[in-house]
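Colleague: If you're matching positions, the sequence shown starts at 4 in my numbering and goes up one per residue.
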Amino acid sequence: MLLDMLVRLAADDSFPEPRDLAKVAQQYAGLSISKEDPYRLRYAEIIGRDWDEVEEGFFDYAVKDAIATLLAYRELRRVALKRVEEFGRHSGDILPGARQKFGLLTEAVQVKKAIALAQITRNGMTVDLEWVRKTEADLREEMVQATKQTQAICPVYKVDAQGQFVCSGQSRAPGFDDAALRGQLARVREQIEQETGAPLHIPTTKQGISRSVKVWADYAHLHPFLGHWVKAQGLAKLLQFFGQFRDRVRLDSLAEALGVPPDELAAALKVTVEGGRVSVADVEGVVRALPKKARRLKKLGLEPGQVLAVLREQAVAQRQPVCTIHPRYNVLTRSGRTSCTGPNIQQIPRQSAFRQAFMAKPGYHLLIADYSFIELRTLAATTFQRYGRSRMAEVIKAGVDPHVHTAAMMLGIPVEEFSAWKGNDAVVEAIDPDGKRVTTTLKDRYDKARGQAKPVNFGVPGGLGVASLVSYAHSTYKVDLSLEDAKARREKLTKEVYPELDLYLAEDTVTVIAQNLHAPPGEVRGELGDTALGSVAKILTGDPKRKDGKPYQRAFVSRVWSSLSGLNRNPELTTDLRLRRAGKELAAKVCHAGVATLTGRIRGRVRYSQARNTPFKGLAADGAALALFELIKEGFPVAAFVHDEVVIPLPDEGGYVSEAKVRRVEEILCRRMEDVLVGGIPAEVEVAVAGRWSKQAKLVVRDGKVYPWEASAVGGPGR
4 MLLDMLVRLA
14 ADDSFPEPRD
24 LAKVAQQYAG
34 LSISKEDPYR
44 LRYAEIIGRD
54 WDEVEEGFFD
64 YAVKDAIATL
74 LAYRELRRVA
84 LKRVEEFGRH
94 SGDILPGARQ
104 KFGLLTEAVQ
114 VKKAIALAQI
124 TRNGMTVDLE
134 WVRKTEADLR
144 EEMVQATKQT
154 QAICPVYKVD
164 AQGQFVCSGQ
174 SRAPGFDDAA
184 LRGQLARVRE
194 QIEQETGAPL
204 HIPTTKQGIS
214 RSVKVWADYA
224 HLHPFLGHWV
234 KAQGLAKLLQ
244 FFGQFRDRVR
254 LDSLAEALGV
264 PPDELAAALK
274 VTVEGGRVSV
284 ADVEGVVRAL
294 PKKARRLKKL
304 GLEPGQVLAV
314 LREQAVAQRQ
324 PVCTIHPRYN
334 VLTRSGRTSC
344 TGPNIQQIPR
354 QSAFRQAFMA
364 KPGYHLLIAD
374 YSFIELRTLA
384 ATTFQRYGRS
394 RMAEVIKAGV
404 DPHVHTAAMM
414 LGIPVEEFSA
424 WKGNDAVVEA
434 IDPDGKRVTT
444 TLKDRYDKAR
454 GQAKPVNFGV
464 PGGLGVASLV
474 SYAHSTYKVD
484 LSLEDAKARR
494 EKLTKEVYPE
504 LDLYLAEDTV
514 TVIAQNLHAP
524 PGEVRGELGD
534 TALGSVAKIL
544 TGDPKRKDGK
554 PYQRAFVSRV
564 WSSLSGLNRN
574 PELTTDLRLR
584 RAGKELAAKV
594 CHAGVATLTG
604 RIRGRVRYSQ
614 ARNTPFKGLA
624 ADGAALALFE
634 LIKEGFPVAA
644 FVHDEVVIPL
654 PDEGGYVSEA
664 KVRRVEEILC
674 RRMEDVLVGG
684 IPAEVEVAVA
694 GRWSKQAKLV
704 VRDGKVYPWE
714 ASAVGGPGR
C-alpha cells in the first residue's frame, strides 16, 4: 500500500519499501490473512466459467482481502491525518489545500505515479545491440588500461599464477586484495594530508579505512593512484549495465549441434534449464567456465575446444540487431524520487555515448524532453512560500538563467553585460591565478563563469559546507575551487545573490528540539540558550566531545540532560531522557526534525542536509509524477523516465514529427509541474527529436515540422 509507505516515511524516515497486505492488515486492522490460502493462486482456473460453478473458497478469499484492505486503509488514513496535523502545528510548509489537491501525504500523486510508471515499463525501450557491443568493447579497453595503470603504482588487484587479473561479476572487473587496497589508501591519505596541510575526512569501517569509490572520488585529482583507481572502478560499475545484453544461445540448439541431449549438456556445463527446449545459456559465463568442465564434457564425448567453437559460431548466428528492454521503476524513495532496475537506466551518465544505444523503433522518432533547472525553480517556490519573497523566483520569472545571474553577481557586473559575452569571440586579456597575463575570449570567460556558478547554485541550497562544496564542484562539474574561493562564493550567494538562502540554510536549535519534545519554544530557549544542536546530539549519542576530541565539561553535559528531561512533554522520550539512555536513536528523536514538501509529503527525523534537500527535490519529483500521468492518460507512449527527463517515441510523419505534437508534450510537462509551484514561477522544458537518446540532441524546426537531430557514429552531432 502506498499510504503505508508514506506513513512510515513520515513517522521516522523509514525507507518506503512496499509491504504485503498481511502485514499491513495485521498492524492497522488487527486482522490475520493467510497467504497460504490454496485459492490465492488459482484464479486463472475460473476465467470464463459460470459463477454458479465456482467453488465458494474463491469468493471467501476475495471477500476477506477486500474487507482487510478497507479496514486497514481507514486506520491508515486516520494515522496519516494525525501525522499531518502534528506537523502542521510546528510548520507552515505544506500548502493550504494540499490534502485535497495532492492527497494525504501526497498519496494521490504517488498513485498517479505508480500507474504511469507501470505503463512505462510495459512500453519498453528499443536497444541497438550492435552499438552496445561496440561501446562495451571500448569501455572495457578503457577499464583495462586504467586498471593496469593503477596496478603499476601499487599492486592492489588479485592476479592468478600466470599474472592475469582475476575477474568476476557482471562487469568482469578485476577483484581486489582487500588488505593491499586499504593499506595503499591509508598511505595515499597520509601523503595528501602532508602535501595539502589539510585533513581528509575519510570514514572507517570495522575492516579499516573506507574503500568506497564515492568517498575517494572527491580527491581523485590529488593523487595519481586515486585518479586511475577511481576511473577503473567507475568504468567497472558502468560495465555492469551490459550484462543482460551479452550474447546468449539457445541451449537446445547448442545441444543439437553437438549431438548430445540438452539436459545432459546443461548438467555438464552447470547452467540452469529454463523452460526446457527454449532455455538459453549465457555465452560469456559458459566460455569462462569451460576449462573447469573438461571432465564432465568428456563423459559426453566432447572436448572444451569443440564446445567453444560451436558456442561462438551459434552466438554469432543467433545475434539479434535490436532488443526491447522493460526497466522496472520503484515508485518512491525517501527523497520522493523514483529508482529503477532491470536495467537501471537512471544511472547512465548523461554525457555517455552509451545513451545512444537506446534508439527509436522502425517508423518512430524519439522525443527527448528535459526540464530546465527544475530544482532551482522548486527551491524558489519553497523559499517564496516560507518567507513571502524569493530573489531566485524574481530572476526566474524575469526569464533570466539563474546560473547566468549568479555568475554575473560573482563577477560584479550587470547581467546584461555578462549575457553579451555568450558566443562572443572577442579577445580580451585576463590575469591567471599565478598573476600572469593571458588572452582569452569573452565566450570562454562566459562559459567558465557560468560553469563555476553551477556547483554553487546546486550545492549550497542542499546544505553543503565549504569543504564539501570544493569536493562537489570538482567531482560533479570538474570545477576547481580553493577553500577560500568556495567560502567567499557561498557567503555571497546566501547574503547577496539569493538572500533568502541565508534563512533557508539556518538551523534553529530551539524550534527543532521544541517540536520533538512537544515543548513551548520559549521554554526551550530559556533552558538551552545558545547551545548548538550538534552539541546536544553528541551528548545524547553518548559521545560528548568537541571536534578536536576534547570532552565537554561534566557539568555542561549533566545540565543538558536535566534541561531536556525537564522540558519534555513527549511520553515516547520520558524514560530515556530521565534515565539518560544515550544512543543514536534517542539523539535522532530529539535532534532530527521532520520536513515536508509544499505538496504535503513528510519525512520524519532527518538530518540537516536531508532537511534542506528534501523540500525542493521532492517537490520536483511530485511535479514530474503529475506530468507523467497526464502524458500516459493522453496516450503518449513514454519509454523512459529519468528524474527530470522523459523519452517518448512518436510516429514518423514523413521524416518528421508535427510541431503541434511536440508542443503538446511540452505544454503538459510545464503545466503539470506548475501545479506544484507557487508565486507564478514558470516551468520550462528543452525538447528535441532524434533517432537515438542523446543529451546533445537539439531542436530542429522548419515550417511547423520537427526534424530528427542526427548524431555521427561516434556520438557527435550531425546537424
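For each residue, glycine too, the CB sits at the ideal point set by N, CA and C.
#1: Determine the burial state of Q462: buried for a count of at least 16 other Cβ atoms within 10 Å of its Cβ, exposed for fewer.
#2: Could you pull out every unbroken beta strand (DSSP E) segment of at least 3 residues lying fully inside the region 505-564, listed in chain order?
#3: Suppose only complete runs of 4+ residues qualify. What are the alpha helix (DSSP H) ranges in the region 195-227, listed by chain order?
#4: Could you work out which residue in Y710, Q243, R453 is closest to I371 when comparing CA atoms only?
#5: Rounded to whole angstroms, what is the Cα-Cα separation between L723 and Q321?
#6: Please look up how many angstroms separate the CB atoms of D428 and T444, rounded, as I've assumed it's under 8 Å.
#7: Within 10 angstroms of the Cβ of L631, are there 16 or more other Cβ atoms? Answer buried if so, exposed if not.
#8: Could you please give the first and the last residue of the uninterrupted beta strand (DSSP E) stretch that includes A433?
#9: Just checking, does the region 239-249 make contact with the region 303-314 on the three C-beta pairs under 8 Å criterion?
#10: If you reduce the DSSP assignment to three classes, tell me which class T602 lands in.
#11: Given Q455, which residues of its chain have a CB within under 6 Å of its CB, disregarding the five upstream and five downstream residues?
#12: Please state whether the Cβ-Cβ distance between T399 and A411 is less than 7 Å.
#13: V162 CB to nearest chain B CB: under 7 Å?
#14: Enumerate, from N- to C-terminal direction, the unbroken beta strand (DSSP E) stretches of 3 or more residues contained entirely within the region 337-395.
#15: Cα separation between E656 and Y367?
#16: Between which residues of its own chain and T336 is the CB-CB distance below 6 Å, once the five residues before and five after are set aside?
#17: Residue range of the alpha helix (DSSP H) that A32 falls in?
#18: Determine the extent of the alpha helix (DSSP H) in which R77 is found, giving its start and end residues.
#19: Would you decide whether V407 is buried or exposed? Buried here means 16 or more other CB atoms lie within 10 Å of its CB.
#20: Keeping to the same chain, check which residues put their C-beta closer than 7 Å to that of E267; ignore five residues upstream and five downstream.
#21: Given this structure, state the Cα-to-Cα distance separating C170 from G288, to the nearest angstrom.
#22: Among G33, S17, D16, which has the Cα closest to the Cα of L24?
#23: Which residues bound the beta strand (DSSP E) around K708?
#24: When burial is assigned at 16 or more other CB atoms within 10 Å of the CB, is V679 buried or exposed?
#25: Quick one: give me the first and last residue of the alpha helix (DSSP H) that I725 is part of.
#26: Would you check if the distance between the CB atom of A13 and the CB atom of R92 is smaller than 7 Å?
#27: Expressed to the nearest angstrom, what Euclidean distance is found between the alpha-carbon atoms of L467 and I49?
#28: I'd like to know whether the C-beta atoms of M128 and A642 end up nearer to each other than 7 Å.
#29: Rounding to the nearest angstrom, what Cα-Cα distance links A69 and L531 in this structure?
#30: Any idea what DSSP makes of A691, helix, strand or coil?
#31: DSSP on S485, reduced to helix/strand/coil?
#32: When you compare only the Cα positions, how much space is there between F228 and P640?
#33: Please list the terminal residues of the continuous beta strand (DSSP E) segment that includes V649.
#34: Does DSSP put D131 in a helix, in a strand, or in coil?
#35: Note the first and the last residue of the continuous alpha helix (DSSP H) segment covering T409.
#36: Measure the C-alpha to C-alpha separation of I97 and R80 and round it to an integer number of angstroms.
Modeller: With the given structure in hand:
#1: Translated into positions along the sequence shown, residue 462 becomes position 459. Correcting the residue identity first, residue 462 is Gly in this sequence and not Gln. With 16 or more neighbouring CB atoms inside 10 Å of its own CB, G462 falls in the buried class.
#2: Runs of the beta strand (DSSP E) spanning 3 or more residues and lying entirely within the region 505-564 do not occur at all.
#3: Taken in chain order, the whole alpha helix (DSSP H) runs of length 4 or more contained in the region 195-227 are 216-219.
#4: Residue 371 sits at position 368 when you count from the first residue of the sequence shown. When C-alpha distances from I371 are compared across Y710, Q243, R453, the shortest belongs to Y710.
#5: An answer regarding residue 723 cannot be provided, because it is not within the stretch 4 to 722 covered by the chain.
#6: The residue labelled residue 428 in the question sits at position 425 within the sequence shown. The residue labelled residue 444 in the question sits at position 441 within the sequence shown. That pair is a contact at about 5 Å.
#7: Walking along the sequence shown from the start, residue 631 turns up at place 628. Classification for L631: buried.
#8: Within the sequence shown, numbered from 1, the residue matching residue 433 stands at position 430. It spans 430-434 - the beta strand (DSSP E) in which A433 sits, taken as one unbroken run.
#9: Taking one beta carbon from each stretch, the region 239-249 and the region 303-314 have fewer than 3 pairs nearer than 8 Å; the two do not touch.
#10: Position 599 of the sequence shown, counted from the first residue, corresponds to residue 602. T602 falls in the coil class under three-state DSSP.
#11: The count along the sequence shown starts at 1 and reaches residue 455 at position 452. Excluding sequence neighbours, Q455 sits near V482.
#12: Numbered from 1 along the sequence shown, position 396 holds the residue referred to as residue 399. Numbered from 1 along the sequence shown, position 408 holds the residue referred to as residue 411. Reading off the sequence shown, one finds Ile at residue 399, where the question assumed Thr. With a cutoff of 7 Å on beta-carbon distance, I399 and A411 are scored as not near each other.
#13: No chain B is part of this structure, which consists of one protein chain only.
#14: As far as the region 337-395 is concerned, its whole beta strand (DSSP E) runs of at least 3 residues are 342-344, 367-374.
#15: In the sequence shown, the residue the question calls residue 656 occupies position 653. In the sequence shown, the residue the question calls residue 367 occupies position 364. Per the coordinates, the alpha-carbon of E656 lies some 9 Å from the alpha-carbon of Y367.
#16: Position 333 of the sequence shown, counted from the first residue, corresponds to residue 336. Closer than 6 Å at the Cβ level, and outside the excluded window around T336, lie S342.
#17: The residue given as residue 32 occupies position 29 in the sequence shown. Run containing A32: 24-32, per the alpha helix (DSSP H) assignment.
#18: Walking along the sequence shown from the start, residue 77 turns up at place 74. Following the DSSP letters along the chain, one finds R77 inside the alpha helix (DSSP H) bounded by residues 59-91.
#19: On the sequence shown, position 404 is the one that residue 407 refers to. Counting Cβ neighbours within 10 Å, V407 comes out buried, since at least 16 surround it.
#20: As a working mapping, residue 267 is identified with position 264 in the sequence shown. Within the same chain, E267 has close Cβ partners L303.
#21: Locating residue 170 in the sequence shown gives position 167, counting from the first residue. Locating residue 288 in the sequence shown gives position 285, counting from the first residue. G288 has its alpha-carbon roughly 12 Å from the corresponding atom of C170.
#22: Here residue 24 corresponds to residue number 21 of the sequence shown, with the count starting at 1. Out of G33, S17, D16, G33 has the C-alpha closest to the C-alpha of L24.
#23: On the sequence shown, residue 708 is found 705 positions in, with the first residue counted as 1. Start and end: 708-710.
#24: Your numbering for residue 679 matches position 676 in the sequence shown. Label assigned to V679: buried.
#25: Here the chain covers residues 4 to 722 and nothing more, so residue 725 does not appear.
#26: Reading the sequence shown from its first residue, position 10 is the one you call residue 13. Reading the sequence shown from its first residue, position 89 is the one you call residue 92. Here A13 is not near R92, since their CB atoms are 7 Å or more apart.
#27: For the purposes of this step, residue 467 is taken as the residue at position 464 of the sequence shown. For the purposes of this step, residue 49 is taken as the residue at position 46 of the sequence shown. Cα to Cα, the separation comes out at about 59 Å.
#28: In the sequence shown, residue 128 corresponds to position 125, counting from 1. In the sequence shown, residue 642 corresponds to position 639, counting from 1. Closer than 7 Å, so yes.
#29: Residue 69 sits at position 66 when you count from the first residue of the sequence shown. Residue 531 sits at position 528 when you count from the first residue of the sequence shown. The alpha-carbon separation between A69 and L531 amounts to approximately 52 Å.
#30: Within the sequence shown, the letter at position 688 stands for residue 691. A691 falls in the strand class under three-state DSSP.
#31: Within the sequence shown, numbered from 1, the residue matching residue 485 stands at position 482. Coil.
#32: Position 225 of the sequence shown, counting from 1, holds the residue named residue 228. Position 637 of the sequence shown, counting from 1, holds the residue named residue 640. Here the alpha carbons of P640 and F228 stand approximately 46 Å from one another.
#33: For the purposes of this step, residue 649 is taken as the residue at position 646 of the sequence shown. Here the beta strand (DSSP E) through V649 covers 648-654.
#34: Here residue 131 corresponds to residue number 128 of the sequence shown, with the count starting at 1. Here D131 sits in strand by DSSP.
#35: As a first step, residue 409 must be located in the sequence shown, where it is residue number 406. Counting along the chain, the alpha helix (DSSP H) containing T409 begins and ends at 405-414.
#36: On the sequence shown, residue 97 is found 94 positions in, with the first residue counted as 1. On the sequence shown, residue 80 is found 77 positions in, with the first residue counted as 1. Their Cα atoms are separated by approximately 18 Å.
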